[in-house]
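For the sequence shown, my numbering assigns the number 17 to the initial residue and increments by one for each residue that follows.
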Amino acid sequence: MLPGISLEPEAFSCLRSLTLYDFGAHATLSILNSLASTADLTQLTLEINHITNNSDEVSSVGRFYNTMLIPAICAQAPRLTHLSIRPMWKNESQVEIDNSSLRLLASLNLKSFTSARTHTNVEYLAKLFPQIQTLRWPDQPVTLDQLKQFATYDQLEHLSLKLDLSPPCTMKPPCDRALTPPTLCVLESDYSSFDSLNHDETRQLLKRLARLGSRPLALQQTAPFDYPNYDFAAKKRLEELNKKLERIHQGVEI
């Protein structure tokens, strides 16, 4: 049920930023369709409730996002620079964002984009947002080799992805930093998997991260949206990793 607020064509005529929290999927879409002022939106945050509707299956929800919600956002809010989409579930389900939706999103002049509880084609994703400054896709797995593709985003300041350390990594010789485009300065992920690595493995991985670009890289722990704090062990881990990474940037062996 929609809230008892005016959604007349002239309602919210000066609206530039909109947050819709805890509405169901179709209620969210209905509100967006009812607001004539969405064309001037620059910031949009959607946290969509799939918890109360048990009939929502992942496949049907995926169709909703790819064929209804994302096309509507891109058509009705072409001036968006900041977009955040977060499906809310009881379980660990994730929505797949397909390539056509990625192309639509890439048509916007986004400076910041967050997509939680979703996954996509990371190889395709790495080619589409050269102007992005903040890209948060915290549930999207990415290998170190795939991560290197994001080094071409020369305006990127904050990147959040789920580092996948399971595939074997082949060390490559250092590239000429003078020829490497500027890259991210903050890499957000879940670094708990580093606890299972020995000293040599940790050193090699940090060296690979340091080679991603010309600017110094800082690591940041991914925190849950509903509880944006992490435990002491995670804080201590990040402190140690960042100290080692800083020494690598300085050319000091660890």
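A virtual CB, placed ideally from N, CA and C, is assigned to each residue, including glycine.
It should be emphasised that the depicted structure is a prediction, and the values quoted were computed from it without experimental measurement.
Using the DSSP secondary-structure output, state which residues sit across from Arg152 in a beta bridge.
Answer by DSSP bridge pairing, in chain order: Thr130, Ser176.
Cβ-based burial, Val111 [other Cβ within 10 Å; buried from 16]
Note on Val111: 16 or more other CB atoms within 10 angstroms of its CB, so buried under the neighbour-count rule.
Which residues in the same chain as Leu118 place their Cβ atom closer than 8 Å to its Cβ, once the five residues preceding and following it in sequence are excluded?
If we look at Leu118 and ignore the five residues flanking it on each side, its Cβ neighbours are Thr136, Asn137, Tyr140, Leu141, Leu144.
For Ile270, count neighbouring Cβ atoms within 10 angstroms of its own Cβ and tell me buried if that reaches 16, exposed if not.
Label assigned to Ile270: exposed.
Could you tell me the distance, in whole angstroms, from the CA atom of Asp192 to the CA atom of Gly229?
In this prediction, Asp192 scores a pLDDT of 43, lower than 50, which makes its location untrustworthy; the coordinate-derived value is nonetheless stated afterwards. Counting only the Cα atoms, Gly229 lies some 10 Å from Asp192.
Same chain, Cβ closer than 7 Å to Pro157, neighbours up to 5 away in sequence not counted:
Within the same chain, Pro157 has close Cβ partners Lys178, Asp180.
Using DSSP with H/G/I as helix, E/B as strand and the rest coil, what is Asp38?
Correct three-state label for Asp38: strand.
Just mark Glu108 as buried or exposed, buried being the case when its beta carbon has 16 or more other beta carbons within 10 Å.
So Glu108 counts as exposed.
Beta-bridge pairing of Met104 - partner residues as DSSP gives them:
Asn65, per the DSSP bridge assignment.
Through-space distance from His42 to Glu73, alpha-carbon basis:
If you draw a straight line from the Cα of Glu73 to the Cα of His42, it is about 14 Å long.
Buried or exposed: where does Val77 fall if 16 or more other Cβ atoms within 10 Å of its Cβ makes it buried?
Of the other Cβ atoms in all chains shown, 16 or more fall within 10 Å of the Cβ of Val77; this residue is therefore buried.
Please list the terminal residues of the continuous beta strand (DSSP E) segment that includes Gln92.
Looking at the DSSP string, Gln92 is not in any beta strand (DSSP E); the run it does join, the alpha helix (DSSP H), is 86 to 92.
Per-residue DSSP class, three states only, for Gln236:
If DSSP states are grouped into helix, strand and coil, Gln236 belongs with the strands.
Could you spell out where the alpha helix (DSSP H) holding Ile264 opens and where it closes?
Residues 248 to 265.
Roughly how many angstroms separate the alpha carbons of His250 and Tyr207, rounded to a whole number?
Checking the sequence shown, residue 250 turns out to be Ala, not His. Distance between the alpha carbons of Ala250 and Tyr207: 8 Å.
Counting C-beta neighbours from all protein chains within 10 Å, is the total for Glu204 16 or more, i.e. buried, or is it exposed?
Buried is the call here.
For Pro198, the three-state DSSP class (helix, strand or coil):
Model confidence at Pro198 stands at a pLDDT of 46, short of 50, so the residue's coordinates are unreliable; what they give is reported in the following sentence. Coil at Pro198, not helix or strand.
Since I believe Leu120 is in contact with Ile86 (beta carbons under 8 Å), could you give me their beta-carbon distance rounded to a whole number of angstroms?
With 8 Å as the limit, Ile86 and Leu120 qualify as a contact, their Cβ atoms being about 6 Å apart.
Neighbourhood of Phe80 by C-beta distance below 7 Å, restricted to the same chain and skipping five residues each side
Excluding residues within five positions, the ones whose Cβ falls inside 7 Å are Ala41.
Need the endpoints of the alpha helix (DSSP H) that Glu217 sits in, please.
Unbroken alpha helix (DSSP H) run through Glu217: 215 to 226.
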